[in-house]
Each structure stands twice: as structure tokens, then as C-alpha cells.
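Chemist:
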Amino acid sequence: MSIEVNNESGVTVDEAQLVTLSRFIFERLYIHPQAELSILLVDEPAMEKLHIELMDEPGATDVLSVPMDELTPGTPDKPTPQGMLGDIAICPQVAEVQARNAGHPTQDEMLLLTTHGILHLLGFDHAEAEEKEEMFGLQRELLSEFLGKDAPMETMQ
Numbered sequence: 001m002s003i004e005v006n007n008e009s010g011v012t013v014d015e016a017q018l019v020t021l022s023r024f025i026f027e028r029l030y031i032h033p034q035a036e037l038s039i040l041l042v043d044e045p046a047m048e049k050l051h052i053e054l055m056d057e058p059g060a061t062d063v064l065s066v067p068m069d070e071l072t073p074g075t076p077d078k079p080t081p082q083g084m085l086g087d088i089a090i091c092p093q094v095a096e097v098q099a100r101n102a103g104h105p106t107q108d109e110m111l112l113l114t115t116h117g118i119l120h121l122l123g124f125d126h127a128e129a130e131e132k133e134e135m136f137g138l139q140r141e142l143l144s145e146f147l148g149k150d151a152p153m154e155t156m157q
């Protein structure tokens, strides 16, 4: 399992915990042990640039996901094939504001955004009410199990 974290944000983040969480999610969703994931932590100007390039929307956002091999969750009998899951870009500065507004620690918000980003890479979405219920339910379940406590509430931009 190759999980790389590249912190270009200028903010100190517990990168090891992001990797541990990612491995946990890979195991729970039966992602091939040799699947690859890249997590990029960027500042607000870099995130705004990515947001415009990828979504044609102005302003920095919290998390962006760029799937590569269009992998989906596996099963105990049929894990996801080996491949490049994709890239996640997270803006710790935006995460800090969201965490403060939601009343939970910034690192919990970073974990929430990492989980959210991985689920997007696996094909989950929240555009429709039914999709949102499925994605956010799985997100809360995974994060609660990882943290050993209730997951922080989602903050949506």
C-alpha cells in the first residue's frame, strides 16, 4: 500500500495519522494492499488554483479528489484490483476555519476531509439526497470506528 503525503501548506499536520486512517479505510473497504494514494496539503492560494482548474469554481475549498483508475470498494471475496486510487488535495487553513465553526479539533476535520476525499475517489458522491445519505453514513461509520468515538459532524462548503 503506497500512501504519500506531501505537505506544501505551511501548516503542521499529523501526517502519520492521515496515513494510518487511509490504511484503515483501505482495509475496511477491501482496497488492494498495493493500491496507491497521494494526499497533498496545500495553502489557500494553491487550493483556489486547483479549484478553478478542476471544478471551474473560484475560491479555496476544503478538499478535492482526483480519481485515477476509477477503483471502487471491494468485498472480502473480491478486493479492489491493484491500481492508482488517485489524489486528494486538502487545505488545512480551510479545515481549521471549518473545525472552529463546528466546534471540533482541526485534526478531526483533517481526518474527516481525508475520509471524504477517499470516498470520492472510490466513486461515492453526495449530489443527490440518497447518495449523500449513503456516502455520509459510511463516512461517519468509518471515522467513528477509527477514532473510537463519534465522528465529527460534516462541514459542507
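Here the sequence shown is numbered in the UniProt record's numbering, starting from 1 and rising by one per residue. Don't be surprised by glycine CBs; every beta carbon is placed ideally from N, CA and C.
(1) In the structure shown, what three-state DSSP assignment does Ala-89 receive?
(2) Within 10 angstroms of the Cβ of Glu-154, are there 16 or more other Cβ atoms? Answer buried if so, exposed if not.
(3) Name, in chain order, the residues that DSSP records as bridge partners for Leu-40.
(4) Which same chain residues end up closer than 6 Å to Leu-122 when comparing Cβ atoms and leaving out the 5 residues on each side of it in sequence?
(5) With which residues is Pro-67 paired in a DSSP beta bridge?
(6) I want to see whether chain D comes within less than 8 Å of Val-63, judged by CB atoms only; does it?
(7) Which residue from His-51, Glu-130, Arg-23, Arg-28 puts its Cα closest to that of Asp-77?
(8) Can you tell me whether DSSP reads Gln-157 as helix, strand or coil?
(9) Helix or strand or just coil, what does DSSP make of Phe-146?
(10) CB-CB under 7 Å to Leu-119, same chain, minus the five flanking residues each way: which ones, in chain order?
Modeler: With the given structure in hand:
(1) strand
(2) buried
(3) Asn-6, Ala-89
(4) Thr-72, Pro-73
(5) Gly-86
(6) Reference to chain D is not applicable here, since this structure consists of a single protein chain.
(7) Arg-28
(8) Here Gln-157 scores only 47 on pLDDT, less than 50, and its place in the model is too uncertain to base an answer on.
(9) Phe-146: helix per DSSP, three-state reduction.
(10) Met-135, Leu-138, Gln-139
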